[in-house]
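Scroll down for the structure; my scribbles are underneath it.
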Amino acid sequence: MREHTEVVRPPRALWVTFELGRPLGVPDDPAFQGRVLRAALAMLERTDGPLIVDYPEEAPGELDLSGWACPIALAPRPEDTLLAEIGRLATWYDRAVARRGRTTVGMSGLSVAAAGALVTEALAGDLPAAQPLKLAIDDLRAFYLEAASAFPDPGTSRTRRAWFWDETTFAKALLALQPKLAASGDRQHQILANLTLIPATERHRLS
Amino acid sequence: MVKRLRDLPEVEARHLSLDRVVCPTYDDTPLLAGPPLAGRRVAIISTAGLHKRGDRPFQPGDGSYRVIPAETPAADLVMSHISVNFDRTGFQQDHNVVFPIDRLRELAAAGGVGSMASVHYSFMGAFPPDAAEPHARHLAGLLKSDKVDAALLVPV
């Protein structure tokens, strides 16, 4: 954040306007990333700081796919379960991993089915400890978004995030879990409920 | 690499406002000249909550860091940052958009910088600064022992 940088006054800071979470700007664009990197390192030659240099280039916008509809029928059905949804996404996740040669799933040490079972149990019964639950949820979140990137028409990262919150049983499970965690007497459950479960932009979905 | 609060959706801007996030202030800013870039040894210090698969995940209030050797394959990098308020799909697609290790390696090979550190590091940005200070002081010693004279801090 520029405002925070102006308070802390580090020796040299490069200001970029890219989406939070993408400090080098554009995935799979080595030339763009290289320009950002060189601009940051070039500031080391200057000694007139503390300085904030405005990076002149913006990340190219993603195509406007408002109205994009997920090509895979994943909208939850009344009888649906989280584990069934996870099973339906597994093929797409496997395709994504095969294409990229890597996955960011794997913090919890659980299989995605076991992570799904932990979330299901948390909703239905006693809450597990906050940290393993948080890691299982983060693994599932990564699993869903990586799977969606391999759909025949994957849309954009923005439409995939909208799909996640609008259409998946898992997102509905997170929204249902939030008040239960918030009501827990455990401080770590409360932190999960109030800070690290639902993004600020999606908290309006909490009833 | 920083953004303005006013560019964010209102709820995110409120979440990150200076009323809620206490930033440390310092009486002065240490700023030193150094050798030309082509002679510098550069380390990446991320605050994206990155670590090798199997390393300790980050937890709320965690001011410690994780070690990422330069030769770590991309497939072994995971992110356990506790925040849900930034995009992760970019990292899922290409780790270099968060942790530009391949770009730095290319720059070193092309002579744009002298060399790349043998080890890089990641903190998890959502920590109180006091919690990180002892770890940061220790890390400074490690960087010196690796003969690093340029640190590229990459927040998310």
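Chains as they are written, first to last, in my numbering: chain A, 1 to 207; chain B, 1001 to 1156.
Ideal Cβ placement from N, Cα and C applies to all residues, glycine included.
Remember, predicted model here, so these are calculated numbers, not experimental data.
Query                                                                                                                                                                      : Result
According to DSSP, is B:A1070 part of a helix, a strand, or is it coil?                                                                                                    : coil
Check for me: the beta strand (DSSP E) holding B:L1050 runs from which residue to which?                                                                                   : 1050-1052
For a contact meaning CB atoms closer than 9 Å, what does A:T104 contact in chain B?                                                                                       : L1077, V1078, M1079, R1088, F1091, Q1092, H1095
Where DSSP assigns a beta bridge to B:R1041, which residues make up the other side?                                                                                        : B:S1115
Could you check whether the Cβ of A:Q178 sits closer than 9 Å to any Cβ belonging to chain B?                                                                              : no
Looking at the strands, I want to know which residues DSSP matches up with B:H1120.                                                                                        : B:I1068
Going by other Cβ atoms of all chains shown within 10 Å of its Cβ, with 16 needed for buried, is B:G1141 buried or exposed?                                                : exposed
Going by the DSSP bridge assignment, what does B:V1154 pair with across the sheet?                                                                                         : B:S1046
Taking its Cβ as the centre, do 16 or more other Cβ atoms sit within 10 Å of A:E58, making it buried, or is it exposed?                                                    : exposed
Considering Cα atoms alone, identify which of A:R9, A:D29, A:M1, A:L24 is closest to B:L1018.                                                                              : A:M1
In whole angstroms, what separates the C-alpha of B:V1119 from that of B:S1145?                                                                                            : 11 Å
Take A:T47 as the anchor and find which of B:S1115, B:L1031, B:G1112 has the nearest alpha-carbon.                                                                         : B:L1031
Taking C-beta to C-beta, are A:M43 and B:M1079 nearer than 9 Å?                                                                                                            : no
Is it a yes or a no for the segment 1046-1056 of chain B touching the segment 179-189 of chain A, going by three-plus beta-carbon pairs under 8 Å?                         : no
Counting C-beta neighbours from all protein chains within 10 Å, is the total for B:A1157 16 or more, i.e. buried, or is it exposed?                                        : Because chain B here runs from 1001 to 1156, residue 1157 of chain B falls outside it and cannot be looked at.
Please decide whether B:A1136 counts as near chain A, where near means a Cβ-Cβ distance under 9 Å.                                                                         : no
What are the residues that DSSP puts in a beta bridge with B:V1078?                                                                                                        : B:H1051
Excluding the five sequence neighbours on either side, which residues of its own chain have a C-beta within less than 6 Å of the C-beta of B:P1069, listed in chain order? : V1119
Using 8 Å as the Cβ pair cut-off and three pairs as the minimum, do the segment 1012-1026 of chain B and the segment 1094-1103 of chain B touch?                           : no
Contact check, A:G21 vs B:R1088 under 8 Å by CB: the rounded distance?                                                                                                     : 6 Å
Under 8 Å between beta-carbons, which chain B residues line up against A:Q33? List them in chain order, please.                                                            : N1096, V1097, P1100, R1103
Ignoring anything shorter than 4 residues or poking outside the segment 89-160 of chain A, list the alpha helix (DSSP H) runs there in chain order.                        : 112-124, 130-148
Any idea what DSSP makes of A:M1, helix, strand or coil?                                                                                                                   : coil
State the CB to CB distance for the pair B:V1042 and B:L1152, rounded to an integer number of angstroms; the pair is presumed to be in contact (CB under 8 Å).             : 6 Å
Within the chosen definition, does the segment 148-161 of chain A reach the segment 119-135 of chain A through at least 3 CB pairs nearer than 8 Å?                        : no
Buried or exposed: which applies to B:S1046, given that a residue is buried once 16 or more other Cβ atoms fall within 10 Å of its Cβ?                                     : buried
Is it buried or exposed, A:Y144, if we count other Cβ atoms within 10 angstroms and call 16 or more buried?                                                                : buried
Exposed or buried, which one is A:N194 when buried takes at least 16 other CB atoms within 10 Å?                                                                           : exposed
What whole-angstrom Cβ distance do B:G1112 and B:A1038 have, given they're in contact under 8 Å?                                                                           : 7 Å
Identify whether A:D28 lies in helix, strand or coil by the three-state DSSP scheme.                                                                                       : coil
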